[in-house]
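This report concerns only the one structure given below.
Protein chains: 2
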Amino acid sequence: MTDDRPSHPRPGMSPVDHAELALLLEVASTPKPGNVDRRRDHDDLRFEHFLAGAVGARPGLREAADPDRPLGDAFERAVRGMSQQDGDNTQFGCLLLLVPLVRAAATDRLSPAGVAGVVDATTVDDAVSFYRAFEHVEVAVDDPPPDAAALDVRRGADAAPAIRERGLTLADVMDLSADRDGNAAEWTGGFERTFAAAETVLDDEGPVTDRLARAFLDLLAERPDSLVATEHGRDVAEAASRRAAAVRDDLDAAEELAERFRAEGINPGTTADHTAAAAFVALERGVPV
Amino acid sequence: MTDDRPSHPRPGMSPVDHAELALLLEVASTPKPGNVDRRRDHDDLRFEHFLAGAVGARPGLREAADPDRPLGDAFERAVRGMSQQDGDNTQFGCLLLLVPLVRAAATDRLSPAGVAGVVDATTVDDAVSFYRAFEHVEVAVDDPPPDAAALDVRRGADAAPAIRERGLTLADVMDLSADRDGNAAEWTGGFERTFAAAETVLDDEGPVTDRLARAFLDLLAERPDSLVATEHGRDVAEAASRRAAAVRDDLDAAEELAERFRAEGINPGTTADHTAAAAFVALERGVPV
Numbered sequence: 122m123t124d125d126r127p128s129h130p131r132p133g134m135s136p137v138d139h140a141e142l143a144l145l146l147e148v149a150s151t152p153k154p155g156n157v158d159r160r161r162d163h164d165d166l167r168f169e170h171f172l173a174g175a176v177g178a179r180p181g182l183r184e185a186a187d188p189d190r191p192l193g194d195a196f197e198r199a200v201r202g203m204s205q206q207d208g209d210n211t212q213f214g215c216l217l218l219l220v221p222l223v224r225a226a227a228t229d230r231l232s233p234a235g236v237a238g239v240v241d242a243t244t245v246d247d248a249v250s251f252y253r254a255f256e257h258v259e260v261a262v263d264d265p266p267p268d269a270a271a272l273d274v275r276r277g278a279d280a281a282p283a284i285r286e287r288g289l290t291l292a293d294v295m296d297l298s299a300d301r302d303g304n305a306a307e308w309t310g311g312f313e314r315t316f317a318a319a320e321t322v323l324d325d326e327g328p329v330t331d332r333l334a335r336a337f338l339d340l341l342a343e344r345p346d347s348l349v350a351t352e353h354g355r356d357v358a359e360a361a362s363r364r365a366a367a368v369r370d371d372l373d374a375a376e377e378l379a380e381r382f383r384a385e386g387i388n389p390g391t392t393a394d395h396t397a398a399a400a401f402v403a404l405e406r407g408v409p410v
Numbered sequence: 122m123t124d125d126r127p128s129h130p131r132p133g134m135s136p137v138d139h140a141e142l143a144l145l146l147e148v149a150s151t152p153k154p155g156n157v158d159r160r161r162d163h164d165d166l167r168f169e170h171f172l173a174g175a176v177g178a179r180p181g182l183r184e185a186a187d188p189d190r191p192l193g194d195a196f197e198r199a200v201r202g203m204s205q206q207d208g209d210n211t212q213f214g215c216l217l218l219l220v221p222l223v224r225a226a227a228t229d230r231l232s233p234a235g236v237a238g239v240v241d242a243t244t245v246d247d248a249v250s251f252y253r254a255f256e257h258v259e260v261a262v263d264d265p266p267p268d269a270a271a272l273d274v275r276r277g278a279d280a281a282p283a284i285r286e287r288g289l290t291l292a293d294v295m296d297l298s299a300d301r302d303g304n305a306a307e308w309t310g311g312f313e314r315t316f317a318a319a320e321t322v323l324d325d326e327g328p329v330t331d332r333l334a335r336a337f338l339d340l341l342a343e344r345p346d347s348l349v350a351t352e353h354g355r356d357v358a359e360a361a362s363r364r365a366a367a368v369r370d371d372l373d374a375a376e377e378l379a380e381r382f383r384a385e386g387i388n389p390g391t392t393a394d395h396t397a398a399a400a401f402v403a404l405e406r407g408v409p410v
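Chains as they are written, first to last, in our numbering: chain A, 122 to 410; chain B, 122 to 410.
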C-alpha cells in the first residue's frame, strides 16, 4: 500500500471474513459481462445461489486459515459447503484461488512469494482432496491430454490411485493444466494477476463494487478467459477479450456488452474468479467498503 | 411444516449460517419499496454496506448461539461487528430480532413459546448491553415519554445507572416501547409476525427472494411501519401501508411504488427487519435456496 491511501480498519474482520466478503462483493459487482451479478441472473443460476454459496463455504475457509489443516481438505470442504444451494456450481474457481490466499494471509505472508510458499507446500493428499471436490458440483473443464486420461478431474476420487502412483502434489496437478486454465496459472505463477488487480482496485476510486467491475473488464481485456475458451473455443475467447477492451473505460457500454454476452452464452467465469481473488487481497489491504 | 413440503436439507448450515444468510437474502430481495434492495441504493447507504454488515455481524451471532453467553453482549457485539463498513446503520433492527431467534434455534426451541422463553430469561445486564449497542451506530428512534428521559436509548452506556436502579431487564425495556416500536412488539409478543410471515414464505412458490419481497409487502400492508411513523408521522405510515396493500399481488406495480417511496424518503425499515427475521425462520424450516 502507498502511504497516502486512507486506512480503513476492520479490526473485527479476519481473513476468513474477508474471503467470504470477497465472494459476496464479486457477485454484487456489476456489470461483469457474461456473469451473474447484481443486475443479472442466468436461467438456473441466480444471485441468491451465490449468497448461499458464500455462507456455505465458510467452514472450509476457516480450515484454510488453520495452518494445521491440510489445504486440500479445506478446499474440498469449502466446495462441499458451497454446494448446499440449488444452483450447483457457484464459486468452485473462486474458492480454488481463495483457499491458498487465506492460508497465506492467516500466516502473515499475503504476498506473491508467501502464497507461492503455500503452493509449494502442498502434498499428494492435497491433490487427492482436490479431485474429490469435483464430486460435489459440475465443473466445466477441458478434456485432458490423451496421455493423461487417468488424471481427468472428472474422475473425482477414482483418480486417487493414479495421483498416488505418480506422486503428484496439488502444485504438480496445477502445473499440468497451467497452460490452458487461468486458475491453475495463478497457482503456479505466484498469483500474479490477482495481486496486480488488487493494486488497481486499491488505486481506483468510488464504491468497491464499481472498482471490481472495472477490474473485471481490465482482466478480461488483458487475457482471454479460459472458461470461455473451454466452452466456445479460443477464437471466441479472444474476441470476447477484444470486446471487453472496447468498453473497459465505460461501465454504461459494458452494460450493453453484458446483455450481448448473456444472449450469446459467453460466461467469462475464470475472470470472475480472479476478480474475487483480487477483492480478497484488496480487502486485506484496506480497501474501503 | 406441512408434510407435503419438499425437504431442502442444508446439513452443514447452522443457525448462525442461516442468520447471516437471512441478512443477505433480505437485502437481495426486490422490490422492497423504500429500502435498499438488489435494485436500489440510498445515497450513502449502499447494497455492499449490507453485505459487509452481514459478515461483520457474525461473531455476535455466534455468541447468540452459545447459551452460556449473555444475550445482550451477543447483540452488542453483533452491532459492533455490523458497523465495520461505511454505511453506518445497516442491520441494527434485523439483529435485534435475529439474536433471540438464533438463541432459540441453537437450543432447539425455535417456536413462539421457545423464543418467549429466551426473552423472559433476559437480565438487567442484557439491558445495559442493549443500550451500549446504540453507541456504535445512529439509530432513528422516537423521543422517550417525558417521565422516561433517563432511559432514552440515545444515552447509550450513560443510561446504565437508571437501568440498574430500576432493575429493568432487556424484556422490561422492550415492554416500555412495544406500543410504538415494531421490533420491541415482536420481542414482547412471541415474534408473532415473524413466525406467521415465515409460514407464508414456506407456503409460497418460486425463488426465495421473490417470496421474501411478497412477504415484505404483506407485512407492510398489514401494519404501519414504526420507522416510517418515527420519521414521517403516523398518517404517512398508515398511507404507506395502504399503498403497499394496493400492489401486494403485483411485483411489477411494487417496482413503481419502490421508486415513489424512494423519491419521498419513505423507508419502511422495521418491516425489512421483520422480513429478515421471517427469512431466518423459513431457512431453519427448510425453505429452498
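For each residue, glycine too, the CB sits at the ideal point set by N, CA and C. This structure is a prediction, so every number in the text was calculated from the model and none was measured.
{"Check": "A:Thr411 to A:Val220 span [Cα, whole Å]", "Outcome": "Past the edges of chain A, shown from 122 to 410, lies residue 411 of chain A, and the structure says nothing about it."}
{"Check": "Interface flag, A:Glu413 vs chain B, CB-CB below 8 Å", "Outcome": "As displayed, chain A neither begins before 122 nor continues past 410, which places residue 413 of chain A out of reach and without an answer."}
{"Check": "Beta-carbon proximity list for A:Met122, same chain, < 6 Å, skipping 5 on both sides", "Outcome": "Because A:Met122 sits at a pLDDT of 40, beneath the cut-off of 50, its placement in the model cannot be relied upon, and the following sentence gives the value as read from the coordinates. Result list for A:Met122: Arg406, in chain order."}
{"Check": "B:Arg369 in three-state terms, based on DSSP", "Outcome": "coil"}
{"Check": "B:Leu172 versus A:Glu141 - alpha carbon distance", "Outcome": "10 Å"}
{"Check": "Amino acids of chain B, ordered along the chain, whose beta-carbon sits closer than 7 Å to that of A:Ala149", "Outcome": "Phe168, Glu169, Leu172"}
{"Check": "Members of the stretch 133-167 of chain B that neighbour chain A once the beta carbon cut-off is set at 7 Å", "Outcome": "Gly133, Met134, Asp138, Glu141, Leu142, Leu145, Leu146, Ala149, Arg159, Arg167"}
{"Check": "Residue-level contact to chain B via CB, A:Asp373, 8 Å cutoff", "Outcome": "no"}
{"Check": "Contact check, B:Asp346 vs B:Ala336, beta carbons under 8 Å", "Outcome": "no"}
{"Check": "Proximal residues of chain A, C-beta to C-beta of B:Gly202 below 7 Å", "Outcome": "Gly133"}
{"Check": "Partners in chain B for A:Pro207, counting only beta-carbon separations shorter than 7 Å", "Outcome": "At residue 207 of chain A the sequence reads Asp, which differs from the Pro that was named. In chain order: Pro409, Val410."}
{"Check": "Per-residue burial, B:Glu380 [other beta carbons within 10 Å of its own, 16 or more giving buried]", "Outcome": "exposed"}
{"Check": "Near the ligand GTP: A:Ala248 beta-carbon under 7 Å from a heavy atom", "Outcome": "This structure lacks the ligand GTP, and indeed carries no ligand of any kind."}
{"Check": "Complete runs of the alpha helix (DSSP H) confined to the stretch 321-358 of chain B [at least 4 residues]", "Outcome": "329-343, 347-353"}
{"Check": "Inside the stretch 248-305 of chain A only - alpha helix (DSSP H) runs reaching at least 4 residues", "Outcome": "281-287, 291-298"}
{"Check": "Distance between beta carbons of A:Asn304 and A:Asn156, contact taken as under 8 Å", "Outcome": "Contact doesn't hold; Cβ gap of about 15 Å is too wide."}
{"Check": "C-beta neighbour in chain A for B:Thr211, strict 8 Å", "Outcome": "no"}
{"Check": "Under 8 Å between C-beta atoms of B:Ala342 and B:Pro154", "Outcome": "no"}
{"Check": "Distance CB(B:Thr315)-CB(A:Glu169) smaller than 8 Å", "Outcome": "no"}
{"Check": "Option nearest A:Ala319 by Cα separation, candidates A:Thr228, A:Ala374, A:Leu340, A:Arg276", "Outcome": "A:Leu340"}
{"Check": "Chain B within 8 Å of A:Gly327, Cβ atoms only", "Outcome": "no"}
{"Check": "Cutoff 8 Å: B:Thr392 Cβ touching any chain A Cβ", "Outcome": "no"}
{"Check": "B:Pro188 burial status per 10 Å Cβ neighbour count (16 or more: buried)", "Outcome": "exposed"}
{"Check": "Assigned secondary structure, A:Asp189 (DSSP; H/G/I helix, E/B strand, else coil)", "Outcome": "coil"}
{"Check": "From A:Val294, A:Val236, A:Ala399, residue whose alpha carbon lies closest to that of A:Val322", "Outcome": "A:Ala399"}
{"Check": "Beta carbon proximity, B:Val176 to chain A, threshold 8 Å", "Outcome": "yes"}
{"Check": "Under 7 Å (Cβ pairs) to chain C, residues found in the stretch 324-355 of chain A", "Outcome": "Looking for chain C here will not work: the only protein chains present are A and B."}
{"Check": "Assigned secondary structure, A:Arg381 (DSSP; H/G/I helix, E/B strand, else coil)", "Outcome": "helix"}
{"Check": "Closer than 7 Å at the beta carbon, the chain B residues around A:Pro267", "Outcome": "By Cβ distance, chain B contributes nothing, its closest Cβ being about 38 Å from A:Pro267, past 7 Å."}
{"Check": "Cβ of B:Pro180 within 8 Å of any chain A Cβ", "Outcome": "yes"}
{"Check": "Three-state class that DSSP yields for B:Asp162 in the structure shown", "Outcome": "coil"}
{"Check": "Closest by C-alpha distance to A:Ala278, when choosing among A:Asp247, A:Asp264, A:Asp293", "Outcome": "A:Asp247"}
{"Check": "Other residues of its chain near B:Ala195: CB distance less than 7 Å, five sequence neighbours each side excluded", "Outcome": "Gly181, Glu184, Ala185, Val220"}
{"Check": "Among B:Thr243, B:Ala225, B:Arg179, nearest to B:Gly193 - alpha-carbon criterion", "Outcome": "B:Thr243"}
{"Check": "Extent of the continuous alpha helix (DSSP H) to which A:Ser207 belongs", "Outcome": "The residue you asked about is not Ser; residue 207 of chain A is Asp in the sequence shown. No alpha helix (DSSP H) holds A:Asp207; DSSP gives it neither H nor E."}
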